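Notes for the one structure printed next.
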Amino acid sequence: MGRHKLLGQTLKIINVGTPTFTADLRLQGVPHVHLDWRPPAEGDAELVAVLARLMEHRAEIKSANDEVLRRVKTATGRLLGVKPAREVILGLSDMTILHAGPPVDWADMAGPMRGAIMGALVYEGWAKGKDEAQSIAASGGVRFAPCHEYGAVGPMAGIISPSMPVHVLCDYTHGNYAYCTVNEGLGKVLRYGAYSAEVLGRLKWIEQGFAPVLDQALALAGGIDVGGIIAQALHMGDECHNRNKAAGSLFLREIMGPVLRTDFPLEQKQAVLEFIKANDHYFLNLSMPYCKLTLQAGHGVPKASLVTIMARNGFEFGIKISSSDQWFTGPANYITGLLFPGYSKDDAAPDIGDSAITETMGIGGFAMGGAPAIVKFVGGSVQDALNYSLRMHEICHGENAAFTIPALDFKPTPLGIDIIKVVETGILPIINTGMAHKEPGVGQVGAGLVSPPFKCFKDALVALAQDT
Amino acid sequence: MYLYLKVLPNEYFDSVTLMAVSAKVKAEVGAQLVTILMATTMNKTMLEERGFDSTELCGASANDCVIGVITADPSPQLIEQIEREIRGGGQQEKKGQAINPATISSALRQIDASLVIISTPGEYAAREAELALTQGLNVLIFSDNVSVQDEKRLKLLAKEKGLLLMGPDCGTAIINGSGLCFANNVRRGSIGLVAASGTGLQEVSVLIHRLGGGISQAIGVGGRDLSLDIGGIMMIEGLRALGEDEATKVIVLISKPPAPEVQAKILAALVHLGKPVVVCFIDGEILGGSEQRLRFVTTLEGAAMAALAYGGLDVSSKVFDQKFFDTRALEESRKLMPSQRFIRGLYCGGTLCAEALMLSRARVQPVLCNVAKRDSERLANPMASSGHCFVDLGDDMFTQGRPHPMIDPNIRLERILEEASDPEVAVLILDFVLGYGSHADPVGVTLPTLRIAREIAAQSGRYLAVVAYVCGTDLDKQGYEAQCSKLEAHGVLTARSNAHAAELACKIVGGGI
Chain A
659 MGRHKLLGQT LKIINVGTPT FTADLRLQGV PHVHLDWRPP AEGDAELVAV LARLMEHRAE
719 IKSANDEVLR RVKTATGRLL GVKPAREVIL GLSDMTILHA GPPVDWADMA GPMRGAIMGA
779 LVYEGWAKGK DEAQSIAASG GVRFAPCHEY GAVGPMAGII SPSMPVHVLC DYTHGNYAYC
839 TVNEGLGKVL RYGAYSAEVL GRLKWIEQGF APVLDQALAL AGGIDVGGII AQALHMGDEC
899 HNRNKAAGSL FLREIMGPVL RTDFPLEQKQ AVLEFIKAND HYFLNLSMPY CKLTLQAGHG
959 VPKASLVTIM ARNGFEFGIK ISSSDQWFTG PANYITGLLF PGYSKDDAAP DIGDSAITET
1019 MGIGGFAMGG APAIVKFVGG SVQDALNYSL RMHEICHGEN AAFTIPALDF KPTPLGIDII
1079 KVVETGILPI INTGMAHKEP GVGQVGAGLV SPPFKCFKDA LVALAQDT
Chain B
26 MYLYLKVLPN EYFDSVTLMA VSAKVKAEVG AQLVTILMAT TMNKTMLEER GFDSTELCGA
86 SANDCVIGVI TADPSPQLIE QIEREIRGGG QQEKKGQAIN PATISSALRQ IDASLVIIST
146 PGEYAAREAE LALTQGLNVL IFSDNVSVQD EKRLKLLAKE KGLLLMGPDC GTAIINGSGL
206 CFANNVRRGS IGLVAASGTG LQEVSVLIHR LGGGISQAIG VGGRDLSLDI GGIMMIEGLR
266 ALGEDEATKV IVLISKPPAP EVQAKILAAL VHLGKPVVVC FIDGEILGGS EQRLRFVTTL
326 EGAAMAALAY GGLDVSSKVF DQKFFDTRAL EESRKLMPSQ RFIRGLYCGG TLCAEALMLS
386 RARVQPVLCN VAKRDSERLA NPMASSGHCF VDLGDDMFTQ GRPHPMIDPN IRLERILEEA
446 SDPEVAVLIL DFVLGYGSHA DPVGVTLPTL RIAREIAAQS GRYLAVVAYV CGTDLDKQGY
506 EAQCSKLEAH GVLTARSNAH AAELACKIVG GGI
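This is the structure:
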């Protein structure tokens, strides 16, 4: 870094601290930038010392992080088919149920997750009814594991059992696969913990009536490029986490012809297209595995400080960083936002679901500047939406030129949440998300914004410093 | 008494804003305690000691703002008022406003900066300074409470990189004509200042301006730079920079007298500058053997005059009418009772206080001061005056948790009233420092108290003389003439320099006539 001579040169200033001095610089017409400064590491002196230790390795960490982003950016995401989970997810044995977020015991599970697990046990025929399902689950008769540890992701409760059909996405560059179930729609659905006969009936139809048609259609189409749809949808007001209207329409446009070309009865094909059309969040279950797949490519680079997973199970928020396979967890927060009529904030469950993988990839809350309609959930202005996106650049290592935001002069979305920058600035990732009712089976009660607990990043930083 | 406590999670405000709001609200509502703080460990302990609920505080971090109020008035609207004040008062992020960057690194993506000004709480200043220096940027640390070890380490780092690190403390500079932190708006010219004294630098620059000269650069190197620990690292670098600066024809060095070893180093550094140098060691010994291109002086006024003389500027026409002022002083002294014998100097500027102490010593005896170098002159209890007394109200013991009196002169008001009730007090000296960083109307906030002070004296049949000095220029945003005429309109004798103010006060109490 070159030395800046002071005397006799054009004076340009960065002001760190009191705004009084900025006001005086403005008065004198001196070019300046005022920092939105806060005490580093939330004022924790020990953590500041850890940051200083890591500073000594800044060059190695930077090149590791560059490598993570190189891999993530060269990853591709093509939707190839819809297959039963047991056929495609490696190691998904019988009596195993995958769930959202970091590992969690039955005793600690949130209401929606418990409800969804009971529903899955009945759906698989492993239990006859609610009571038997509950006793199997509580007595260790079924194995639980995070979706993320199987290359999968699931919204809300995120339950995947072996018979459920999953979208299969492939990254040809790195030879990775990612999986996600078919989104059931809104209202009483399994991912919000509902397990009534109506819910299970719909799941059976998805398995037997829907998936075979879509799978054949995708084969006829030669797969669909999910990343390309996300890039376009970001220009159409979606951020592909909490708003998927444009992406869903684009997907429908791609799949319509191939579905019609399948050899299933017309009524079944109509039902398939109708199902996709009627579900504003169909595409969420494609954007999530796309993000999982691309981030998976960046996982496993030693010394890297970038986040490759953010996920919640309704009890804890968990993150992983590229250079470690350890979960770093903290208590899940409650969501701030808008409740649907008839619900109060006491009805809401803590933050839940793997959908924060979209923010990890720099879309969702990070791309809110391209989806200003979303800020209505928190009573904000369009400028607030833009500011959320700009703010996230402060904690990211780079940018993703594949995804841009028109309202920010096509500025690329931020990419690669750096735990060092999060701890240093105290700026937490911003996540757009839905709010689940705390009781199983009620469904969504609202939507809004949430952040991970600082503890996840703090613990990850301390661990990184120990390994470096 | 009612205790109110509110935590505003994840809302950071700088301490200047918070202290200003605390002072304002406390003055308006008359609560027993209004404290608005960031929830650092130290601040939380302090609040608990005041009786606030520790359970509410334990989860709060240094990024959370805490409002604590103790008041007889059961009115929770007070808290809301405070919230509005702190959010609206500082230039915090507002709706519909683009955001500012959070770190120096990200700010560099927006601006090709050459200098970083740091006014964070002292414990964090060193880190930011190091981040700036390692990225090739010059630094001005305004913060105080930076450790000597950090200061030395950072100054050595800056020197190694060929950068200037100004401060910490005494945050003032004029770089290429722009005033930074506490600085006056002065004409540009050929005199370069380098100073280990904040208000010393301001006074010299102001006097040079008023006498028709101008300033090329003014570099404040921090009050401790010439201590044995730091050894004048940045004073020497500053001198070198002024030596190389084409706009600078004359150099003025301003400091308290340094340790002999440091002095030797500094004087050795002067030899190679190739420009005339005025060395002002305030209240130091008069060093003899002046060479043609080197003059030693011991007052700020002397420094300004010597620098102008080197610049070949004829200042004879600017010299004010001594006789007029002497007559005024005499008139003031005639209004006093026999019991009224003492001067009480209440200063915002530390170096202004030191210069006044030095000049008064020769005229009245004994003189006392809270920051005196000489043990014999040390004021035992800085909170209570006695004899001829000069108080630096910017000293740490007065500014704990309060803004510096140059930012908020309210700190001086109570003391003015105390002095007014003392039957032995003849005359007050008040300094008003104008310029960037300073209060928008320091005279205006003081006048109502002066009126009350004079009423207090009058109730006991006394008159209270007041001598003021306004350290400012016609270009300063507060307006030099406007501030002076407000004082004059209230019967305050307004001196032409800080030294002059001390001289007039001495004359009023019968010294030096």
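From first to last, the protein sequence lines stand for chains A and B.
Position 6 of the first sequence, counting from 1, maps to 664 under the numbering used here, and the rest follow consecutively.
Position 218 of the second sequence, counting from 1, maps to 243 under the numbering used here, and the rest follow consecutively.
Each residue gets a CB set at the ideal place from its N, CA and C atoms; glycine is no exception.
Note that the coordinates shown come from a computational prediction; the quantities given were computed from them, not determined experimentally.
- Going by DSSP, residue 850 of chain A is part of no beta strand (DSSP E) at all; its letter is neither H nor E.
- Below 8 Å, too few C-beta pairs join the stretch 977 to 991 of chain A and the stretch 902 to 913 of chain A to call them touching: fewer than three.
- The DSSP assignment places complete beta strand (DSSP E) segments of no fewer than 3 residues inside the stretch 283 to 332 of chain B at 302 to 306, 319 to 322, in order along the chain.
- DSSP, read as helix, strand or coil, puts residue 206 of chain B in strand.
- In the three-state reduction of the DSSP assignment, residue 757 of chain A falls in the strand class.
- If you draw a straight line from the Cα of residue 805 of chain A to the Cα of residue 774 of chain A, it is about 14 Å long.
- For residue 1083 of chain A, the residues of chain B that pass the 8 Å Cβ criterion are 127, 128, in the order they occur in the chain.
- Using a Cβ-Cβ cut-off of 8 Å, residue 271 of chain B is close to 666 of chain A, given in chain order.
- One finds 86, 87, 88, 89 in chain B with Cβ atoms closer than 9 Å to the Cβ of residue 700 of chain A, taken in chain order.
- Listed in chain order, the positions of the stretch 492 to 517 of chain B with a beta carbon within less than 9 Å of a beta carbon of chain A are 502.
- Around the CB of residue 356 of chain B, fewer than 16 other CB atoms lie within 10 Å, so the residue is classed as exposed.
- Counting only runs of 4 or more residues that sit fully inside the stretch 930 to 989 of chain A, the alpha helix (DSSP H) segments are 942 to 955, in chain order.
- The way I'd put it, the stretch 41 to 53 of chain B doesn't touch the stretch 1004 to 1021 of chain A; fewer than three beta-carbon pairs between them come closer than 8 Å.
- Under the Cβ criterion (8 Å, minimum of three pairs), the stretch 702 to 710 of chain A counts as touching the stretch 1115 to 1123 of chain A.
- For residue 41 of chain B, a Cβ of chain A is located within less than 8 Å of the residue's own Cβ.
- In the three-state scheme derived from DSSP, where H, G and I count as helix and E and B as strand, residue 523 of chain B is classed as helix.
- For residue 378 of chain B, the enclosing alpha helix (DSSP H) has its first and last residue at 375 to 386.
- In the DSSP annotation of this structure, the continuous segment of the beta strand (DSSP E) that includes residue 839 of chain A starts and ends at 834 to 839.
- With fewer than 16 other Cβ atoms inside 10 Å of its own Cβ, residue 998 of chain A counts as exposed.
- Taking 8 Å as the CB threshold, residue 1097 of chain A stays off the interface with chain B.
- Fully contained in the stretch 1020 to 1091 of chain A are the following beta strand (DSSP E) runs of length 3 or more, in chain order: 1054 to 1063, 1069 to 1075.
- Within the stretch 181 to 195 of chain B, the residues whose Cβ lies closer than 8 Å to some Cβ of chain A are 186, 187, 188, 189, listed in chain order.
- In terms of beta-carbon proximity, residue 705 of chain A stays away from the interface with chain B, with every pair separated by 8 Å or more.
- Contact check for residue 1094 of chain A and residue 850 of chain A: beta-carbon distance about 5 Å, within the 8 Å limit, so the pair qualifies.
- The Cβ of residue 206 of chain B sits closer than 8 Å to at least one Cβ of chain A.
- Contact note: residue 153 of chain B reaches chain A through 674, using a C-beta cutoff of 7 Å and chain order.
- In the displayed model, residue 894 of chain A falls within a helix according to three-state DSSP.
- With contacts defined as CB atoms closer than 8 Å, residue 1052 of chain A and residue 126 of chain B qualify as a contacting pair.
- Residue environment: residue 1009 of chain A is assigned as buried (16 or more neighbouring CB atoms within 10 Å of its CB, all protein chains considered).
- For residue 415 of chain B, there is no enclosing alpha helix (DSSP H); the enclosing beta strand (DSSP E) covers residues 413 to 417.
- Inclusion of residue 390 of chain B and residue 451 of chain B in the CB contact set at 8 Å is not warranted, their separation being larger than that value.
- Following the DSSP letters along the chain, one finds residue 280 of chain B inside the beta strand (DSSP E) bounded by residues 275 to 280.
- In terms of Cβ geometry, residue 311 of chain B and residue 325 of chain B do not form a close pair [threshold 8 Å].
- Closest in C-alpha terms to residue 720 of chain A, from the list A:1041, A:1075, A:1014, A:967, comes A:1075.
- When the beta-carbon positions are compared, residue 88 of chain B and residue 697 of chain A come within less than 8 Å of each other.
- In this structure, the beta-carbon distance from residue 496 of chain B to residue 242 of chain B does not fall below 8 Å.
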